[in-house]
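Visitor: One structure coming up, written as structure tokens, with questions to follow.
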Amino acid sequence: MSHLIDSYASITGPDVIEQLRQLAKPLQGLKVVHVNSTKLGGGVAEILNKMIPLMNDLGIETSWEVVQGNPEFYACTKMMHNAIQGNQVQIPEKLLKVYEKTNAENAEQLRDTLTAADIVFIHDPQPAALLKHIDDRQGKWIWRCHIDASKPYGPVWKYLRKDVQHYDASIFSLAGFAQALPNPIYLIPPSIDPLNDKNIELPEDERRAVYEAFNLDPDRPLVVQVSRFDRFKDPVGVIQSFKSAKRFIPGLQLVLAGGEASDDPEGDIVLEEVRTAAADEPDIHVLLLPGDAHRTINALQSAATIIIQKSLREGFGLTVTEGMWKQKPVIGGDTGGIRLQVINHHTGFLVNSPAGAALRIRYLLKNQDKMFEMGIKAKEFVRENFLITRHIREYLTLMHALVFDSKHRIELK
Amino acid sequence: MKPTQNLNTKSPEEASVTFQVKDCALIAKATGKRARTLKDLRDILETIGPESLFYHFWGSLLRPRFEDQEYHNDFASWSAHSLNDKPVAERLGIVDPLEFDNLDELRVELMDIIDERIDELEMLPTASRDRQFEFISSDIVVFATHRTIKDPHDLKTVIPELSLGSIFYHFIDGRRRSDACIDDFSAWLATFKNKYQDVIKSIAEIDPYFSSLTNFREALTEEFVKMRPSTV
């Protein structure tokens, strides 16, 4: 019988899959539950969409539950999210009551599943308060924070900390994002799935179709930034870099592709700023893509000569990982998880200003051999470090450590 | 894992054990301790657990990185890139953990270097908030590869095929597990009486610290290619 997990062996090598099987074997029979707040959209849902079937494929009974709430609940958790990322947000008492009540109601709804689970992964702040409502829980509970919590707004972190300090372990993506907690804090970066629509190798005709669809010239160099229209992603800074570089490379083209601004009022404002900044330049293409345009994004990244992610502040930066997987050098903002991925002169360049980005665009386009070599290194770097198989290995290791109370060393047979 | 007894042993003078090849991975854990100045670094070094010292000296060999590191431990790298204090970076960078019998002696050496530098400075440089030194420790997970080596002469073909995790486990972690601070392969070769003393000595002279695991693997392969039983 063929297993989903085996389809990754051609990408990672069979040893990686064998290691996952070794880790999974002693955990068979356990019940694992992941809880987050959405099955659609966003990085967390994207990872869980593949991780759940892969865990089941490894013989660990894994399910995925989603907390349900009304618009006030989501307003509250969005404020919480922004506050943990450092914005000074005062959450009204009324909304906090909705947050508590919603968690209590969801706990009632999920009580049997959560009580019986051996391992519960709670993702982000939205369901964090579930724990206190499941008094007779049997298993180990892990809080997985996907957000950059390096500089949280004090009052909101203090509020959330009351709940998350009672978990058996917590996970942050980077050491710099972690807050001190009394439980063991694991550092597990996120990952990409090399077999999903965003990252699979597309047929040549599908890749080429993107040139026509967006009026791009396949014979001229193309710089691509894929990001929502958000000031932290500095799209206007990217345009400045592009204009500066284009004075020396007249054929240069730029694509700024982002998702539709759904419930983010600032997204519309930033998009308007971007359009204004790009108005006088026909080689800048500002694309507003639907949330499920994964293959289009894949094609754009594949068509790029250089990927840019000139963020001023960034969580992990999975668009960087995706670009590197397409064998492209990346010019990235010197911040957050981009620093883990973009290694100067190896996989791309870290930059701190539009001028720095312009300089690196020029450098790469003048040094095609170097650019090609960086692209190859970038893909291998992702293969070794940022694929979903590594992510699963680390989750399984953590589960091992908690279930068997391992201290520093886990020996498998 | 230490070499295990092989039931198919032919003669006590010949292969008395079979070597079991393992692989490993590290999983990082935050300690919650952070430093922004040399003084912070020194104070935390005084009390931080040995796993964290091990991680910051050896863990980088298995972390996402490229060859030819400018500095070989995280303390030196941070001093250079986040404090912009090259003199202390150079002094910390030259510290070779293999010269110390244990991590506590290494800890004292680091603290001495930092104290000396603090005394020299009129004002301590401070790292920006997003460039703090994050003290990290790690757990190690050890995998079976189901690969065994019976004859030491097979090492010349086996070593080049080993993963970097296997090299780390047997040569770096092995020293940590061994009371005599020797790697697993040397420990195994030593069970063949005095047959492989020369190669054991040659392996001991290869310093994995100032190298990368890839380069170290190449250097080991060269030694095993040259290997002949000692004429004792």
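Chains as they are written, first to last, in the numbering used here: chain A, 90 to 502; chain B, -9 to 222. Note that CB positions come from ideal geometry on N, CA and C, so glycine has one too. The model shown is predicted, which means the values in this text are computed figures rather than measured ones.
(1) In chain order, what are the residue ranges of uninterrupted alpha helix (DSSP H) at least 4 long that sit wholly in the region 215 to 281 of chain A?
(2) Can you pull the chain A neighbours of S153(B), defined as C-beta to C-beta under 8 Å?
(3) Can you list, in chain order, the residues of its chain with a C-beta nearer than 8 Å to that of V121(A)? Leave out the 5 residues immediately preceding and following it.
(4) Counting only beta-carbon atoms, is F470(A) nearer than 9 Å to chain B?
(5) Would a check of beta-carbon distances place F461(A) closer than 9 Å to chain D?
(6) On a CA-only basis, which of F200(B), E89(B), F125(B) and V98(B) is nearest F65(B)? Give me that one, please.
(7) Does the region 39 to 57 of chain B touch the region 194 to 204 of chain B, meaning 3 or more C-beta pairs lie closer than 8 Å?
(8) Just by C-beta distance, which residues in the region 6 to 31 of chain B are closer than 9 Å to chain A?
(9) Just to confirm the assignment: which complete beta strand (DSSP E) runs, minimum length 3, are found wholly within the region 95 to 182 of chain A?
(10) Going by DSSP, name the residue or residues bridged to H435(A).
(11) Compare the C-beta of V131(B) with all C-beta atoms of chain A and state if any pair is closer than 9 Å.
(12) Could you check where the beta strand (DSSP E) with Q314(A) kicks off and where it finishes?
(13) Applying a beta-carbon distance threshold of less than 8 Å, which residues of chain B neighbour K502(A)?
(14) Would you call V215(B) buried or exposed, if buried means 16 or more other Cβ atoms sit within 10 Å of its Cβ?
(15) Are V253(A) and I180(A) touching if we call contact CB-CB under 9 Å?
(16) With the cut-off set at 9 Å, would you say F475(A) and T410(A) are in Cβ contact?
(17) Once DSSP output is grouped into helix, strand and coil, what is the label at E60(B)?
(18) Got a sec: is the Cβ-Cβ distance from R250(A) to anything in chain B below 9 Å?
(19) Considering only DSSP beta bridges, list what G422(A) is partnered with.
(20) Is E124(B) close to chain A, meaning its C-beta is less than 9 Å from at least one C-beta of that chain?
(21) Following the continuous alpha helix (DSSP H) through E99(B), name the residue where it begins and the one where it ends.
(22) Quick check: P279(A) and A258(A), are their CB atoms within less than 9 Å of each other?
(23) Alpha carbons only, please: which of S127(B), K185(B) and D173(B) is nearest the one belonging to D141(B)?
(24) Flag this pair as touching only if the region 126 to 140 of chain A and the region 152 to 164 of chain B have three or more C-beta atom pairs under 8 Å; answer yes or no.
(25) Could you tell me the distance, in whole angstroms, from the CA atom of A164(A) to the CA atom of G340(A)?
(26) Rounded to the nearest angstrom, how far is the Cβ of R404(A) from that of I236(A), given a contact under 8 Å?
(27) Interface residues of chain B around N474(A) at Cβ under 7 Å?
(28) Could you spell out the range, first to last residue, of the alpha helix (DSSP H) harbouring F123(B)?
(29) Bridge partners for A20(B) per DSSP, in chain order?
(30) Tell me whether A346(A) sits in a helix, a strand or coil according to DSSP, three-state version.
(31) Starting from the beta carbon of Y256(A), find every residue of chain B whose beta carbon is closer than 9 Å, and list them in chain order.
(32) I think I481(A) touches Q416(A), with their Cβ atoms under 8 Å apart; what is that distance to the nearest whole Å?
(33) Give, in chain order, every unbroken run of the beta strand (DSSP E) that is at least 3 residues long and sits entirely within the region 367 to 420 of chain A.
(34) Could you tell me whether any Cβ in chain B is nearer than 9 Å to the Cβ of P273(A)?
(35) Work out the CA separation of I139(B) and F90(B) for me, nearest whole Å.
(36) Using 9 Å as the limit for Cβ to Cβ distance, is S128(B) near chain A?
Guide: So, from the listed chains and residues:
(1) 243 to 253
(2) Counted from its first residue, the second sequence places residue 153(B) at position 163. Under the 8 Å cutoff, chain A gives D104.
(3) The residue given as residue 121(A) occupies position 32 in the first sequence. Closer than 8 Å at the Cβ level, and outside the excluded window around V121(A), lie M144, I149, E150, T151, S152, A206, D207, I208, V209, F210 and M488.
(4) What you label residue 470(A) is simply residue 381 of the first sequence in a count that begins at 1. For F470(A), the answer is yes, since a Cβ of chain B falls inside 9 Å of its Cβ.
(5) Reference to chain D is not applicable here, since the protein chains of this structure are A and B.
(6) Walking along the second sequence from the start, residue 65(B) turns up at place 75. Nearest of F200(B), E89(B), F125(B) and V98(B) to F65(B), Cα basis: F125(B).
(7) yes
(8) K12, D13, A15, I17, A18, K19, A20, T21, G22, K23 and R24
(9) 120 to 125 and 150 to 155
(10) Here residue 435(A) refers to the residue found at position 346 of the first sequence. For H435(A), which the question treats as bridged, DSSP gives no partner whatsoever.
(11) Taking the first residue of the second sequence as 1, we reach residue 131(B) at position 141. Taking Cβ atoms only, chain A reaches closer than 9 Å to V131(B), which makes this a yes.
(12) Within the first sequence, numbered from 1, the residue matching residue 314(A) stands at position 225. Its beta strand (DSSP E) spans residues L311 to V315.
(13) Translated into the one-based positions of the first sequence, residue 502(A) becomes position 413. Near K502(A) (Cβ distances below 8 Å), the residues of chain B are A134.
(14) Taking the first residue of the second sequence as 1, we reach residue 215(B) at position 225. When all chains shown are included, V215(B) counts as exposed.
(15) As a first step, residue 253(A) must be located in the first sequence, where it is residue number 164. As a first step, residue 180(A) must be located in the first sequence, where it is residue number 91. No, Cβ-Cβ distance for V253(A) and I180(A) is not below 9 Å.
(16) If you number the first sequence from 1, residue 475(A) lands on position 386. If you number the first sequence from 1, residue 410(A) lands on position 321. Contact flag set, yes.
(17) The residue labelled residue 60(B) in the question sits at position 70 within the second sequence. It is coil, neither helix nor strand.
(18) For the purposes of this step, residue 250(A) is identified with residue 161 of the first sequence, where counting begins at 1. No - not a single Cβ of chain B is within 9 Å of the one on R250(A).
(19) As a working mapping, residue 422(A) is identified with position 333 in the first sequence. BP columns for G422(A) point to V440(A).
(20) What you label residue 124(B) is simply residue 134 of the second sequence in a count that begins at 1. Chain A contact via Cβ: present.
(21) For the purposes of this step, residue 99(B) is identified with residue 109 of the second sequence, where counting begins at 1. First-last of the alpha helix (DSSP H) with E99(B): L93 to E110.
(22) The residue given as residue 279(A) occupies position 190 in the first sequence. The residue given as residue 258(A) occupies position 169 in the first sequence. Not closer than 9 Å, so no.
(23) Taking the second sequence and counting its residues from 1, the one referred to as residue 141(B) is at position 151. Measuring from the Cα of D141(B), the nearest candidate turns out to be K185(B).
(24) no
(25) The residue given as residue 164(A) occupies position 75 in the first sequence. The residue given as residue 340(A) occupies position 251 in the first sequence. Rounded to whole angstroms, A164(A) to G340(A) spans 45 Å at the Cα level.
(26) As a position in the first sequence, residue 404(A) is number 315, starting the count at 1. As a position in the first sequence, residue 236(A) is number 147, starting the count at 1. Checking the sequence, you will find Gly at residue 404(A) rather than Arg. Contact holds; Cβ gap of about 7 Å.
(27) The count along the first sequence starts at 1 and reaches residue 474(A) at position 385. Ordered by position in chain B, the residues that pass the 7 Å Cβ test against N474(A) are P54.
(28) Within the second sequence, residue 123(B) is the residue found at index 133, counting from 1. From DSSP, F123(B) is part of no alpha helix (DSSP H) but of the beta strand (DSSP E) over F123 to I139.
(29) Working through the second sequence from its first residue, we reach residue 20(B) at position 30. In DSSP, A20(B) forms a bridge with I274(A) and I126(B).
(30) For this step, residue 346(A) is matched to residue 257 along the first sequence. Strand at A346(A).
(31) If you number the first sequence from 1, residue 256(A) lands on position 167. Chain B residues near Y256(A): none, gap ~14 Å exceeds 9 Å.
(32) Along the first sequence, one-based indexing puts residue 481(A) at 392. Along the first sequence, one-based indexing puts residue 416(A) at 327. At roughly 24 Å, the Cβ-Cβ gap does not stay under 8 Å, so I481(A) and Q416(A) are not in contact.
(33) 373 to 378 and 395 to 398
(34) Numbered from its first residue, the first sequence carries residue 273(A) at position 184. P273(A) counts as touching chain B.
(35) On the second sequence, residue 90(B) is found 100 positions in, with the first residue counted as 1. On the second sequence, residue 139(B) is found 149 positions in, with the first residue counted as 1. Each residue's alpha carbon lies about 31 Å from the other.
(36) Reading the second sequence from its first residue, position 138 is the one you call residue 128(B). With 9 Å as the cut-off, S128(B) counts as an interface residue toward chain A.
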